[in-house]
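Peer 1:
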Amino acid sequence: MRFEPATDIHQRLFSEWNRVSRLEERTCRPLVKGKQAPTINQIVTLAFFVDSVNDPVGRFVYFDMNPRNRSAEFGYIVHPNFRQQGIGYRMLALALHQLFTTTNLNKLYCQTGEFNTASIALLEKLKFHRDGILREHHELD
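Numbering follows numbering that gives the first Met the number 0, with no gaps: position 43 of the sequence shown is 42.
1. How is Phe114 classed by DSSP in three states: helix, strand or coil?
2. With a threshold of 16 other CB atoms inside 10 Å of the CB of Leu133, please say whether the residue is buried or exposed.
3. Taking Phe147 as the reference, give the member of His78, Ser70, Gly131, Glu135 with the closest Cα.
4. Ile76 lies in the alpha helix (DSSP H); which residues open and close that run?
5. Could you have a look at Lys34 and say whether DSSP puts it in helix, strand or coil?
6. Tell me whether Asn53 sits in a helix, a strand or coil according to DSSP, three-state version.
7. Apart from the five residues on each side of it in sequence, which residues of its chain come closer than 8 Å, Cβ to Cβ, to Ala5?
8. Pick out whichever of Glu113, Arg67, Leu95 has its Cα sitting closest to the Cα of Gln35.
9. Counting only the same chain and skipping the five closest in sequence on each side, list residues whose C-beta sits under 8 Å from that of Thr111.
10. By the 10 Å Cβ neighbour count, where 16 or more other Cβ atoms means buried, how is Met64 classified, buried or exposed?
11. Mind checking which residues open and close the beta strand (DSSP E) that includes Thr44?
12. Identify the continuous alpha helix (DSSP H) that holds Leu95 and give its terminal residues.
13. Just verifying my parser: in three-state terms, what is the DSSP assignment at Phe13?
14. Find the nearest neighbour of Arg89 within the set Phe47, Ser51, Gly74, judged by alpha-carbon distance.
15. DSSP state of Phe62, grouped into three classes?
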């Protein structure tokens, strides 16, 4: 076996391999008139507060919304002074409930580094499960 840089001729051959009767068979992204639609670049950020504090104690953001498979990615952070107090759990539970009851989303996913064991434990406590491991995805010096 050998390899070489693909030429334009090779690229045309490769495109033949992807011929399907319906583009929906090849992508989970939205389609418009038989072609992939542009992605939704909207980012929604929610600030979370506790009763005794005027400033936010947490942030939840969701983005990369895909209306075709009704999914979005999310991320979150809790102010360092408010960690290990159950605020992250309450914040995520409330945000997830809000999204699943007020939008048509049916799947949310989150990425975190394997070094962030607190986040992994929190997500697992909320019944998220690991679909895969992105090796060396978060480079640290």
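Positions of the beta carbon are idealized from the N, C-alpha and C atoms, including for glycine.
Since the structure is predicted, the reported quantities are computational estimates derived from the model, not experimental observations.
Peer 2: Concretely, from the data shown:
1. Walking along the sequence shown from the start, residue 114 turns up at place 115. Residue state, collapsed to three classes: coil.
2. Working through the sequence shown from its first residue, we reach residue 133 at position 134. Its Cβ having fewer than 16 others within 10 Å, Leu133 is exposed.
3. Past the edges of the chain, shown from 0 to 140, lies residue 147, and the structure says nothing about it.
4. Sequence index remark: in the sequence shown, residue 76 carries index 77 (1-based). First-last for Ile76: 70 to 77, but that is the beta strand (DSSP E), not the alpha helix (DSSP H).
5. Start at 1 with the first residue of the sequence shown, and residue 34 comes out as number 35. Lys34 falls in the strand class under three-state DSSP.
6. The residue you call residue 53 lines up with position 54 of the sequence shown. In this structure, Asn53 counts as coil in the three-state DSSP scheme.
7. Taking the first residue of the sequence shown as position 1, residue 5 is located at position 6. Here the set comprises Phe13.
8. The residue labelled residue 35 in the question sits at position 36 within the sequence shown. Ranking Glu113, Arg67, Leu95 by Cα distance to Gln35 puts Arg67 first.
9. For the purposes of this step, residue 111 is identified with residue 112 of the sequence shown, where counting begins at 1. Only Ser118, Ile119, Leu122 meet the Cβ criterion.
10. Here residue 64 is taken as the residue at index 65 of the sequence shown, counted from 1. Answer is buried; the Cβ neighbour count reaches 16.
11. Here residue 44 corresponds to residue number 45 of the sequence shown, with the count starting at 1. 43 to 47 is the extent of the beta strand (DSSP E) around Thr44.
12. For the purposes of this step, residue 95 is identified with residue 96 of the sequence shown, where counting begins at 1. Where Leu95 is concerned, the enclosing alpha helix (DSSP H) stretches over 86 to 101.
13. Here the question's residue 13 lines up with position 14 in the sequence shown. It is helical.
14. Sequence index remark: in the sequence shown, residue 89 carries index 90 (1-based). Per the Cα distances, Phe47.
15. On the sequence shown, residue 62 is found 63 positions in, with the first residue counted as 1. If DSSP states are grouped into helix, strand and coil, Phe62 belongs with the strands.
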